[in-house]
Amino acid sequence: MSVRSTAGRILEGLLLAAAVAMILGAVLGQPILFGFVETGSMSPALEPGDGFVAVPDVVAGEAEPGDVVVFEAESLHGGGLTTHRVVRETADGYVTKGDANPFTDQDGGEPLVTENQIVAHALSVGDWVIPIPYLGALVLFVRGVVGAVQQQIASLLGLGPPYGTQSAGIFLVTLGAVVMALTVIQDARSGPSRDRSRSRSRSGTIDMQKLTVVFLVVILLPANAAMLLPAGSSDLVVEGDVVADSPDIEPGEPATWDYSIRNYGVIPVAMSFDAVGGNASVPESPQVLGPQANATVQVTMDAPPPGGRAVAEVRQHRYLLVLPPSALGFLDSIHPLAALGVINVVLVGVTLVIVGKVFGFGTLRMRLRNGVGFWTRIRRR
89 MSVRSTAGRI
99 LEGLLLAAAV
109 AMILGAVLGQ
119 PILFGFVETG
129 SMSPALEPGD
139 GFVAVPDVVA
149 GEAEPGDVVV
159 FEAESLHGGG
169 LTTHRVVRET
179 ADGYVTKGDA
189 NPFTDQDGGE
199 PLVTENQIVA
209 HALSVGDWVI
219 PIPYLGALVL
229 FVRGVVGAVQ
239 QQIASLLGLG
249 PPYGTQSAGI
259 FLVTLGAVVM
269 ALTVIQDARS
279 GPSRDRSRSR
289 SRSGTIDMQK
299 LTVVFLVVIL
309 LPANAAMLLP
319 AGSSDLVVEG
329 DVVADSPDIE
339 PGEPATWDYS
349 IRNYGVIPVA
359 MSFDAVGGNA
369 SVPESPQVLG
379 PQANATVQVT
389 MDAPPPGGRA
399 VAEVRQHRYL
409 LVLPPSALGF
419 LDSIHPLAAL
429 GVINVVLVGV
439 TLVIVGKVFG
449 FGTLRMRLRN
459 GVGFWTRIRR
469 R
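Each position in the sequence shown, counted from 1, maps to that position plus 88 in the working numbering.
Written as structure tokens, this is what we have:
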């Protein structure tokens, strides 16, 4: 392996580690490896948008006056992570201050910062923080772009509140990790001799069996996310005082209430329901919803007496409309996993038929620019 190739792999590994660190930092709610500031409170040490290397508190040790620390504020900016400098240490905690601020955080109402609140230290030489210019601006820009993509994917998968962009983000990360793993495995199996042969030729080949696996992941992952993530249960609560004010409903008698449902996605779905508690019942036939459609389901339950309350847990199951609603209803009556399993079998079968008819499952030959392999190009993207 050449020096250039080795350096490229090392750089790729570092970038991947940095990406994983930033993802973990977002999940754990504290900076890992890198942090950045969004305001000018630390100017001129850190200008708005500047980044810095975040050293975990367990590694950096106890804070000292002059250290720039990231801590969990209680009142500053409504609470949350704040990056300011320690200016004084007291028996009860640290006094902190933004370099550009005329007063300390404690003068502004923030309690003394304790060691338990500090999550990271900014890498410094003496009192000089080592800045990474524009890192924060780049992260905010990428965050905005990714957020827009996540919203579109959330809409495509039918993920409404409270799932939305968080579940779409998990989907993106998982999909990227799967594709990355497949391409790395392919490169490892190719070996250096194949790399050299590709470099001497502008023609290349694609193993359609491996590419079919990618197709299946790209299809099955969002399909199952669209069925599983929005599913779940919610409580339908009926107050007895409300029933007492309604002349058409008698306490203790069965009455009907509307339960609202919605398909946030662009693919038609069939929804089935179960009801638990309150002597409640729901329709047995699946409810079909088109793209971005709203509907109501009639839930029947016993009306509570005045001052009482009736609660029914309504469970919903969502299925992509790849089979007739009656077939989905029959499978759901056996078990929801039966319906999900058959739907996945159908999706796999259709995908295999299309790939087999169009490309086949052998080796696909194609022309490649600059002799760079197909899987290498995918991994770079």
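We treat Cβ as the ideally placed atom computed from N, Cα and C, and that holds for glycine.
| Item | Value |
| --- | --- |
| Beta-bridge partners of ALA358, as assigned by DSSP | VAL376, TYR407 |
| For SER321, the three-state DSSP class (helix, strand or coil) | strand |
| ASP333, buried or exposed, once every other Cβ within 10 Å from all chains shown has been counted against 16 | exposed |
| Own chain partners of LEU64 with C-beta closer than 6 angstroms, once the 5 adjacent residues on each side are dropped | The question about residue 64 has no answer, for the chain in this structure spans 89 to 469. |
| Supposed close pair GLY365, VAL399 - CB separation, criterion 8 angstroms | 6 angstroms |
| ALA188 in three-state terms, based on DSSP | coil |
| Close beta carbons around ILE337, own chain, < 6 angstroms, minus the five adjacent residues each side | VAL331, ALA343, ALA391 |
| Three-state secondary structure (DSSP) of GLN310 | Inspection of the sequence shows that residue 310 is occupied by Pro rather than by Gln. Of the three classes helix, strand and coil, the one that applies to PRO310 here is helix, per DSSP. |
| Neighbourhood of GLN386 by C-beta distance below 6 angstroms, restricted to the same chain and skipping five residues each side | THR344 |
| ARG97 in three-state terms, based on DSSP | helix |
| Start-to-end residues for the alpha helix (DSSP H) that takes in ARG429 | It is Gly, not Arg, that sits at residue 429 in the sequence shown. Counting along the chain, the alpha helix (DSSP H) containing GLY429 begins and ends at 424-446. |
| Of the listed residues GLY137, ARG92, VAL434, PHE447, nearest to LEU308 (C-alpha basis) | VAL434 |
| For MET130: DSSP bridge partner residues | DSSP, once it has assigned bridges, lists no residue as partnering MET130. |
| Local Cβ density within 10 Å of SER421, reported as buried at 16 or more and exposed below that | exposed |
| Selected residue, minimal CA-CA separation from GLY137, among GLY128, THR170, LEU102, ASP145 | GLY128 |
| C-beta atoms of VAL357 and LEU317 nearer than 7 angstroms | no |
| DSSP state of GLN297 mapped onto helix, strand, coil | helix |
| Residue range of the unbroken alpha helix (DSSP H) whose run includes GLY328 | 328-332 |
| Three or more C-beta pairs below 8 angstroms linking the segment 189-199 and the segment 137-154 | no |
| Residue(s) in a DSSP beta bridge with ARG92 | BP columns for ARG92 are empty, so no partner. |
| Cβ-based neighbour list, ALA133, same chain, cut-off 6 angstroms, excluding 5 preceding and 5 following | ASP187, VAL217 |
| Exposed unless 16 or more other CB atoms sit within 10 angstroms - verdict on LYS445 | exposed |
| GLY417 beta carbon less than 7 angstroms from that of PRO374 | yes |
| Span of the beta strand (DSSP E) around ASP346 | 342-350 |
| N- and C-terminal bounds of the alpha helix (DSSP H) containing VAL146 | 145-148 |
| Identity of the residue in VAL305, SER360, PHE361 nearest LEU440 by Cα | VAL305 |
| Residues that DSSP places opposite PRO398 in a beta bridge | A quick correction: the sequence has Ala, not Pro, at residue 398. VAL326, per the DSSP bridge assignment. |
| Assigned exposure category for ARG284 - 16 Cβ within 10 Å defines buried | Confidence at ARG284 is low in this model, with a pLDDT of 46, below 50, so its placement is unreliable and the value that follows should be read with caution. Label assigned to ARG284: exposed. |
| Those residues which DSSP pairs with PRO219 across a bridge | PHE140 |
| Where LEU386 falls: helix, strand or coil (DSSP) | Sequence inspection shows Gln at residue 386; the Leu mentioned does not correspond to that position. The answer is strand: DSSP assigns GLN386 an E or B state. |
| Proximal residues to VAL175 (C-beta, below 7 angstroms), its chain only, five neighbours per side dropped | PRO153, VAL183, THR184, LYS185, THR192 |
| Reduced DSSP category for VAL125 - H, G, I as helix; E, B as strand; rest coil | coil |
| CB-CB length for ASN470 against ARG403, believed under 8 angstroms | There is simply no residue 470 to check, as the chain begins at 89 and stops at 469 in what is shown. |
| For PHE124 and GLY224, believed in contact at Cβ under 8 angstroms, the rounded distance | 3 angstroms |
| Where LEU164 sits in the DSSP three-state scheme | helix |
| Candidates GLU162, GLU203, LEU169, SER212, of which the one nearest GLN194 by Cα | GLU162 |
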